[in-house]
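For reference, the structure discussed in these notes is given below.
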Amino acid sequence: MCNCAKEMTETLKGYVKSQIENEPGFQKIEDAYFTNSVFVMSNNKLTTAPIIIPFKVEYTRKAKTSGKVRTYKKETNIRPSFCPFCGEEYNR
Ligand SMILES: [Zn+2]
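Numbered according to the numbering used here, the sequence shown spans residues -8 to 83.
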């Protein structure tokens, strides 16, 4: 398993810090991470697919009693087979 997610996190953190550290009152970065990452279990081992691809479906439902139509959202994710940074295959 490659180290891309960790390395990219540090690189991006440094980049963002260079942009915000001169803002009045800036103190420190509390946390920095990919928001669309996930841990998965495979072959009884905990592995990480650092980047997942979110997919959203919006649909409508009509209430039985009032007949009112409302919009709902359902989200799911796709886990890529390869690291998007270096192309190494993720553990299966
Ligand atoms: Zn990688």
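Beta carbons are placed, not taken as given, at the ideal position from N, Cα and C, and that holds for glycine.
For this session: Look up residue 69 in the DSSP assignment and say whether it is helix, strand or coil.
Result: In the structure shown, the three-state DSSP call for residue 69 is strand.
For this session: Report the option in 16, 63, 47 and 46 whose CA atom is closest to the CA atom of residue 54.
Result: Measuring from the Cα of residue 54, the nearest candidate turns out to be 63.
Exercise. I think residue 73 touches residue 80, with their Cβ atoms under 8 Å apart; what is that distance to the nearest whole Å?
Worked result: Yes, residue 73 and residue 80 are in contact; Cβ-Cβ is about 5 Å, under 8 Å.
Exercise. Residue 13 and residue 45 look like a contact to me (Cβ under 8 Å); what is the Cβ gap, rounded to whole Å?
Worked result: About 33 Å separates the two Cβ atoms, so there is no contact after all.
Problem set entry | Pairwise C-alpha distance: residue 78 and residue 25 | Their backbone Cα atoms lie some 18 Å apart in a straight line.
For this session: Assign residue 43 to one of three DSSP states: helix, strand, or coil.
Result: Under the three-state reduction of DSSP, residue 43 is assigned to coil, being neither helix nor strand.
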